[in-house]
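To start, the structure under review is shown below, and the notes come after it.
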Amino acid sequence: MPPSMALMDVHHKTMDLAFRAQIYALLDTIRRYWHIHPFFNDCHQLVDDAVKYFEDTTEPFAFQLLGVKMYCLSRPEDVTGVLDGVPWTHGLNFSHFISEVMQKFGVALKDVERAKYNPKPGDDCYIEGNPTNPTHLNLIHFIESLYKRQFLQPPSLNALADIFVQNLQETLQSENLGFCTRDYNGSLYNDGAPSLQRDVSLHSLVTGSMVNATIRALFGPYLHELEPDIVNQVVQFNSHAWVLFYGLPDFFGFAPVCASRDRVKAALRAFIKLPEEQRSEQCFAFKELLRWMDVLDIGEESRVGLLLLFFFASIANEQNACYWFVAHIIYDEELLGSVKREIEPAWESGKLDVKYLAANCPNIDAIFHETLRQRANTFGFRAVKEKTTIRGKELQPGTPVMVPLRLLHSYEKVWGSTVDEFDPSRFLKKKTLSRQPYYRPFAGGPTFCPGRNLAKHETYAFLATLLHRFDVTLPPPSGESPNKKQPFPLMETFKPPTGVKGPLPGMDLFVKLVEKAPAKPL
114 MPPSMALMDV
124 HHKTMDLAFR
134 AQIYALLDTI
144 RRYWHIHPFF
154 NDCHQLVDDA
164 VKYFEDTTEP
174 FAFQLLGVKM
184 YCLSRPEDVT
194 GVLDGVPWTH
204 GLNFSHFISE
214 VMQKFGVALK
224 DVERAKYNPK
234 PGDDCYIEGN
244 PTNPTHLNLI
254 HFIESLYKRQ
264 FLQPPSLNAL
274 ADIFVQNLQE
284 TLQSENLGFC
294 TRDYNGSLYN
304 DGAPSLQRDV
314 SLHSLVTGSM
324 VNATIRALFG
334 PYLHELEPDI
344 VNQVVQFNSH
354 AWVLFYGLPD
364 FFGFAPVCAS
374 RDRVKAALRA
384 FIKLPEEQRS
394 EQCFAFKELL
404 RWMDVLDIGE
414 ESRVGLLLLF
424 FFASIANEQN
434 ACYWFVAHII
444 YDEELLGSVK
454 REIEPAWESG
464 KLDVKYLAAN
474 CPNIDAIFHE
484 TLRQRANTFG
494 FRAVKEKTTI
504 RGKELQPGTP
514 VMVPLRLLHS
524 YEKVWGSTVD
534 EFDPSRFLKK
544 KTLSRQPYYR
554 PFAGGPTFCP
564 GRNLAKHETY
574 AFLATLLHRF
584 DVTLPPPSGE
594 SPNKKQPFPL
604 METFKPPTGV
614 KGPLPGMDLF
624 VKLVEKAPAK
634 PL
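Per the numbering used here, residue 114 is the first one in the sequence shown, and the count goes up by one each step.
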């Protein structure tokens with residue numbers, strides 16, 4: 114074999130992440146009973162260490178990940194090439210990765226194969242003039258099409274956003290915030306606290322409000338009726354879904370993801386069994402998906418798994434991205450002042466104009482972009498379907514490829530010497546930064562997230578409603594002097610990423626909310 118086509122070495126100092134992650138999952142399970150601290154693990158640090166071990170290589174290298182050899186890209190230009198699907202990446206396949214994820218979420222192998230099958234004339238599922246799937250896409254591509262139609266076409270996007278905002282504003286009223294409120298002098302707030310004042314956990318406030326509004330926008334009221342604790346169950350599932358995503362064992366049902374997964378699935382199963390006329394308020398995409406799975410005779414558990422996967426893809430990032438966005442604003446008085454000034458014109462009619470916010474708020478846009486640059490640093494994945502050569506290294510078929518988006522967002526050549534600092538002004542000084550190829554919080558190419566516009570509308574709506582209805586201040590840490598400032602939360606690093614991560618356990622911001630006036634009826 115020519116030297117220029119050498120196979121890759123495995124980084125021997127990189128401990129098998131499967132062992133580390135399984136230990137973490139096991140200890141996370143045990144901790145609920147014996148309070149044992151988890152074994153900390155930082156996936157991004159593993160990548161950094163491997164790059165340094167190979168003398169700051171720009172070539173792909175290999176990890177042992179979950180007991181399986183996996184390639185990892187180390188050059189930002191290669192990451193953009195994969196995301197854009199440039200010609201040299203033709204040997205890398207995304208569909209195989211999707212097939213594996215489907216099985217991890219409970220889709221039977223026979224239904225995965227059925228989902229990849231392209232209908233042909235003469236098949237029972239090939240229906241001429243079919244309004245649900247008129248172009249006869251296979252189920253995987255049909256779901257991709259549904260995503261785009263639901264989240265990118267203005268009529269369906271606007272309808273979904275309106276329902277989301279309505280439910281968000283119903284939650285963001287003082288009397289409805291018990292789920293995130295800290296005790297007041299050892300008592301509940303309705304036992305002597307000022308009626309319009311609360312100290313709340315910012316992470317609980319954002320997460321509970323956003324997840325509740327998203328569930329109601331996508332499913333109507335039905336999941337709440339079928340599972341009264343659905344919001345908390347979804348929040349718990351989202352926190353531990355990495356166990357499923359990375360294919361870890363469930364330890365006989367005792368892994369932390371299992372209980373919430375099973376309760377969410379039970380609610381989805383009951384939802385699917387409702388006659389269509391009894392779930393008339395579900396979103397367009399779910400209605401069409403359930404119709405087409407019925408045509409394909411997909412098994413019930415596989416339908417539940419696909420619906421869970423579709424739903425998870427819709428919520429995996431939004432609440433944590435919104436949390437960091439709001440946290441940075443509240444923590445910086447200068448940012449908070451500029452944001453308040455930009456928000457107020459959006460309320461001139463007495464009703465929030467989210468479209469105005471999305472089009473006329475450069476400071477908010479800059480904070481949003483910088484938040485995503487720092488926080489949206491997950492991994493993309495591909496599978497090698499045929500021999501592929503990248504920078505003289507030959508990638509073997511059947512091997513997964515890790516695509517670290519963090520390489521783009523931490524590229525000093527693009528972002529400068531302040532790359533590690535939170536600095537929204539970089540997007541104000543250079544307007545094109547959010548459109549250049551090294552800014553990819555929503556991935557790109559065939560995996561460009563179709564929910565990006567809705568995510569922006571939802572995040573801006575939360576911020577605008579919160580700051581319009583409440584005076585928001587950052588009190589000192591409990592028991593500390595008034596001049597003491599709460600430490601800014603660190604981001605969780607010891608779980609493999611499936612999306613934007615939340616704060617490190619035990620770290621959060623507690624904020625004081627004083628309602629300006631009773632909220633007007635919607």
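Positions of the beta carbon are idealized from the N, C-alpha and C atoms, including for glycine.
When 228, 310 and 177 are compared against residue 588, the one with the closest alpha-carbon:
310
Measuring straight from C-alpha to C-alpha, what distance separates residue 500 and residue 175?
15 angstroms
Short of 8 angstroms in beta carbon distance, which residues of its chain neighbour residue 261, apart from the five on each side in sequence? Order them along the chain.
563
Considering only the beta carbon of each residue, do residue 207 and residue 495 sit closer than 8 angstroms?
yes
Exposure of residue 219, with buried meaning 16 or more beta-carbon neighbours within 10 Å
buried
Rounded distance between the beta-carbons of residue 615 and residue 436, thought under 8 angstroms
6 angstroms
Taking residue 377 as the reference, which of 344, 401 and 387 has the closest Cα?
344
Quick check: the region 375 to 391 against the region 414 to 424, are there 3 or more CB pairs under 8 angstroms?
yes
Buried or exposed by the 16-neighbour rule on C-beta atoms within 10 Å, applied to residue 573:
buried
Please classify residue 596 as buried or exposed, where buried requires at least 16 other C-beta atoms within 10 Å of its C-beta.
exposed
Using a threshold of 8 angstroms, state whether the C-beta atoms of residue 518 and residue 173 are closer than that.
no
Taking the CB atoms as reference points, tell me whether residue 392 and residue 333 lie closer together than 8 angstroms.
yes
DSSP state of residue 182, grouped into three classes?
strand
Is it true that the CB of residue 232 sits closer than 8 angstroms to the CB of residue 249?
yes
N- and C-terminal bounds of the alpha helix (DSSP H) containing residue 267
267 to 284
If residue 290 sits next to residue 318, beta carbons under 8 angstroms apart, how far is it from one beta carbon to the other, in whole angstroms?
7 angstroms
Could you tell me whether the region 517 to 537 touches the region 382 to 390, using the rule of 3 or more Cβ pairs below 8 angstroms?
no
Buried or exposed by the 16-neighbour rule on C-beta atoms within 10 Å, applied to residue 329:
buried
Unbroken alpha helix (DSSP H) run spanning residue 170, endpoints
Run containing residue 170: none; DSSP gives neither H nor E here.
Inter-residue spacing [alpha-carbon to alpha-carbon] between residue 266 and residue 274
12 angstroms
Please check the pair residue 484 and residue 441, which I expect to be a contact at CB under 8 angstroms, by giving their CB distance rounded to whole angstroms.
6 angstroms
Take the Cβ of residue 370 as the centre, count every other Cβ of all protein chains shown within 10 Å, and call the residue buried at 16 or more, exposed below.
buried
C-alpha distance - residue 534 paired with residue 552, whole-angstrom precision
16 angstroms
Can you list, in chain order, the residues of its chain whose CB lies under 7 angstroms from that of residue 270, leaving out five sequence neighbours each side?
264, 566 and 567
Among residues of its own chain, excluding the 5 on either side of residue 504, which ones have a beta-carbon nearer than 6 angstroms to its beta-carbon?
172
Neighbourhood of residue 373 by C-beta distance below 6 angstroms, restricted to the same chain and skipping five residues each side
346, 349 and 350
Distance between residue 446 and residue 460 (C-alpha atoms, nearest Å):
22 angstroms
Considering Cα atoms alone, identify which of 569, 619, 242 and 424 is closest to residue 472.
569
Going by CA-CA distance only, name the one from 578, 382 and 355 that's closest to residue 217.
355
Would you identify the three-state DSSP class for residue 487, choosing helix, strand or coil?
helix
Sort 394, 476, 285 and 204 by Cα distance to residue 544 and report the nearest one.
476
Which residue comes first and which comes last in the alpha helix (DSSP H) that contains residue 312?
Taken as a continuous stretch (DSSP letters only), residue 312 belongs to no alpha helix (DSSP H), being part of the beta strand (DSSP E) at 310 to 314.
Just verifying my parser: in three-state terms, what is the DSSP assignment at residue 516?
strand
Just verifying my parser: in three-state terms, what is the DSSP assignment at residue 370?
coil
Unbroken stretches of the alpha helix (DSSP H), 4 residues or longer, contained in the region 514 to 551:
519 to 522, 525 to 528 and 538 to 542
Pull up the distance between the alpha-carbon of residue 571 and that of residue 619, whole angstroms please.
26 angstroms
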